[in-house]
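Taken in sequence, the protein lines are chains A and B. Position 58 of the first sequence, counted from 1, bears residue number 55 in this note's numbering, the numbering being contiguous throughout. Position 13 of the second sequence, counted from 1, bears residue number 292 in this note's numbering, the numbering being contiguous throughout.
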Amino acid sequence: MSQLWEVFVRGRRGLSHVHAGSVHAADAQMALRNARDVYTRRGEGVSIWVVPSSQITASTPDEKDPFFDPSADKVYRHPTFYNLPEEVRQM
Amino acid sequence: MSADLQTQFDALIDADERIEPRDWMPDAYRKTLIRQIAQHAHSEIIGMQPEGNWITRAPSLKRKAILMAKVQDEAGHGLYLYGAAETLGVDRAELLDLLHTRKQKYSSIFNYPTISWADVGAIGWLVDGAAITNQVPLCRCSYGPYARAMIRICKEESFHQRQGFEILLTLSNGTPAQRGLAQDAVNRWWWPSLMMFGPPDADSPNSAQSMAWGIKRFSNDELRQKFVDMTVPQAGVLGLTLPDPELRFDEETGHHHFGEIDWTEFYQVVKGNGPCNEQRLRHRVRAHEEGAWVGEAAAAYAAKQASREGVAVA
Ligand SMILES: [Fe+2]
Ligand SMILES: [Fe+2]
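Have a look at this one:
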């Protein structure tokens, strides 16, 4: 039976693939063709990835806070944490 | 726990943030969105019929190619929207069933016939024009996947409206007979286009809740007024009149005043008694049934390939 595929499109060389939406298709080749017809009718892409939706593992929104917590308390990871003399401010 | 989730949801809405598929959301919010997005999707694909009617009879190869591209876009719009609805936990096949069994509706505008080539122009200018007015604020809808689908759609709609306007402009500058066709089409499509914004605010009980949820940003009457104000000067450029003797610019309000809309007609068409309701649905169901073999063949082919490669079928 037809299954659901997530579609990722690279807009042009130098950019990464970005999620565009989904399509139904029986297999990967057809998913690619459908994705081309649905999401790139006006030159919106130079490359397409399709992935079965069921194959995507996502972080759950419920564990959002604790899951992303480790990054919140490390202000020293940001350049603005460091106070440098006027002469080297551009660093 | 549920109170916590509700508070979180409310805070996101208040902050004008987007709700995403895996977020908790109130049942009523989910149901409202599924219905609205599904009916929007149904409108896109049923909307292919009135214009599809003229593909084989377009007056030139250029017009034919343009019309095919436009109708193909509408198919694409339907697919973006079914995709957005599916993120809410429904299946596209279910939604199509609801359309085919008349449990979900589509926009009543597509229940009017396209009796001349000029109707293709009037649809592009007025019907796509009204759709754009409705859809631009939906690009900021609180539900992320719906808003993103609308951004994609709005980018494509502008070609739709411009090609329609150009058809009417060409006819309007043509022979008296061609000009007559253009005026006749505008006369027939004007009022139904105004009805596309839905009943007056006073008779639209669900609007307030949709506004509070950030699904709807402007009321039906506000959008209708915006459309009239935008369209009246364009009719002047076309050299065509709009069929409303009461239509005039009101210096005091800064808006165009327009006459009373015939809401009995609107509700008749909604109930299924429009000129083409039966035809549209019958055609949709037939296309679905007669096209079923394509999906079955693709599935059979995929299964055979997979078994040859010794891979389990997903
Ligand atoms: Fe559309
Ligand atoms: Fe359109």
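For every residue, glycine included, the Cβ atom is placed at its ideal position computed from N, Cα and C.
**OP:** Determine the DSSP secondary structure at ARG92/A, reduced to helix, strand or coil.
**Re:** Within the shown structure, residues of chain A are numbered from -2 to 88, placing residue 92/A beyond reach of any answer.
ask   = What residues match up with GLY538/B in a beta bridge as DSSP calls it?
value = Looking at the DSSP output, GLY538/B shares a beta bridge with no other residue.
Checklist entry - Can you tell me whether ARG381/B is buried or exposed, with buried defined as 16 or more other CB within 10 angstroms of its CB? => result ARG381/B is exposed by the Cβ-count criterion.
By the three-class DSSP mapping on this structure, what secondary structure does VAL406/B have?
Three-state DSSP puts VAL406/B in a helix.
Quick check: the Cα distance between ALA571/B and VAL399/B, rounded to an integer number of angstroms? Cα to Cα, the separation comes out at about 30 Å.
Next item on the list: Look at HIS319/B and LEU378/B and say whether their C-beta atoms are less than 8 Å apart.
Entry: For HIS319/B and LEU378/B, no; Cβs fall outside 8 Å.
Could you check what DSSP says for PHE497/B in three-state terms: helix, strand or coil?
Judged by DSSP in its simplified three-state form, PHE497/B adopts coil rather than helix or strand.
Where do the N-terminal and C-terminal ends of the beta strand (DSSP E) with ALA337/B fall, by residue?
-> For ALA337/B, there is no enclosing beta strand (DSSP E), as DSSP gives it neither H nor E.
ask   = Given that a residue counts as buried once 16 or more other Cβ atoms are within 10 Å of its Cβ, and exposed if not, what is ILE394/B?
value = Counting Cβ neighbours within 10 Å, ILE394/B comes out exposed, since fewer than 16 surround it.
Near ligand 2: ASP352/B beta-carbon under 7 Å from a heavy atom | Yes; taking the cut-off as 7 Å, the Cβ of ASP352/B has a heavy atom of ligand 2 nearer than that.
Practice item. Entirely within the segment 299 to 380 of chain B and at least 3 residues each: give me those beta strand (DSSP E) ranges in chain order. Key: Within the segment 299 to 380 of chain B, no run of beta strand (DSSP E) reaches 3 residues while sitting entirely inside it.
- request: My understanding is that TRP404/B touches PRO338/B, with C-beta atoms under 8 Å, so please give their C-beta distance in whole angstroms.
  value: Not confirmed; about 17 Å, so no contact.
Exercise for the section: Tell me whether TYR19/A sits in a helix, a strand or coil according to DSSP, three-state version. Expected result: Reading off the sequence, residue 19/A comes out as Ser, not Tyr. Note: SER19/A maps to strand in three-state DSSP.
Excluding five sequence neighbours on each side, which residues of the same chain lie with their C-beta closer than 8 Å to the C-beta of PHE389/B? Taking PHE389/B as the centre and dropping the five residues before and after it, the same chain places the C-beta of SER322, ILE325, GLY326, GLN328, PRO329, CYS555 and ARG559 closer than 8 Å to its C-beta, in chain order.
*Residue ranges of each alpha helix (DSSP H) run of no fewer than 4 residues wholly in the segment 454 to 528 of chain B, ordered along the chain?*
Annotation: the segment 454 to 528 of chain B contains the following complete segments of the alpha helix (DSSP H) (minimum length 4 residues), in chain order: 455 to 474, 486 to 491 and 499 to 517.
Cβ of ILE494/B within 8 Å of Cβ of TYR422/B? Result yes, Cβ atoms of ILE494/B and TYR422/B sit closer than 8 Å.
- Task: Could you tell me whether the segment 346 to 361 of chain B touches the segment 430 to 442 of chain B, using the rule of 3 or more Cβ pairs below 8 Å?
- Result: In short, these stretches touch, since the Cβ pair count reaches three.
- What is the DSSP secondary structure of VAL48/A, reduced to helix, strand or coil? Correct three-state label for VAL48/A: strand.
Practice task
Please indicate yes or no: does the CB of ASP398/B lie closer than 7 Å to some heavy atom of ligand 2?
Solution key: ASP398/B: no, Cβ never under 7 Å from ligand 2.
Is LEU81/A close to chain B? Criterion is C-beta to C-beta, closer than 8 Å. Not a single CB atom of chain B sits nearer than 8 Å to the CB of LEU81/A.
message: Give me the chain A residues within the contact set of GLU584/B, using Cβ-Cβ distance strictly less than 7 Å, ordered along the chain.
response: One point to set straight first is that residue 584/B is Gln, not Glu, in the sequence displayed. The contacting residues are ASP24.
Fill in: Three-way DSSP call (helix, strand, coil) for TYR73/A in this model
In the displayed model, TYR73/A falls within a helix according to three-state DSSP.
Identify whether GLN0/A lies in helix, strand or coil by the three-state DSSP scheme.
Correct three-state label for GLN0/A: strand.
(message) Quick check on HIS75/A - is its C-beta less than 8 Å from some C-beta in chain B?
(response) Between HIS75/A and chain B, the shortest Cβ-Cβ separation is not below 8 Å.
(message) By the DSSP assignment, the alpha helix (DSSP H) with ALA401/B in it spans what residues?
(response) Per DSSP, the unbroken alpha helix (DSSP H) holding ALA401/B starts and ends at 396 to 401.
I'd like to check one pair, ASN31/A with ALA25/A: are the Cβ atoms closer than 8 Å?
No, these two residues do not count as a Cβ contact at 8 Å.
Where does the unbroken alpha helix (DSSP H) through ASN556/B begin, and where does it stop?
Per DSSP, ASN556/B is one residue of the alpha helix (DSSP H) stretching across 556 to 569.
Review point. First and last residue of the alpha helix (DSSP H) that includes GLN285/B?
Key: DSSP places GLN285/B in the uninterrupted alpha helix (DSSP H) bounded by 281 to 293.
_Assuming ILE446/B is part of the alpha helix (DSSP H), what are its boundary residues?_
According to the DSSP assignment, ILE446/B belongs to the alpha helix (DSSP H) that extends over 423 to 451.
Starting from ASN390/B, trace the alpha helix (DSSP H) both ways and give me its first and last residue.
First-last for ASN390/B: undefined, no H or E at that position.
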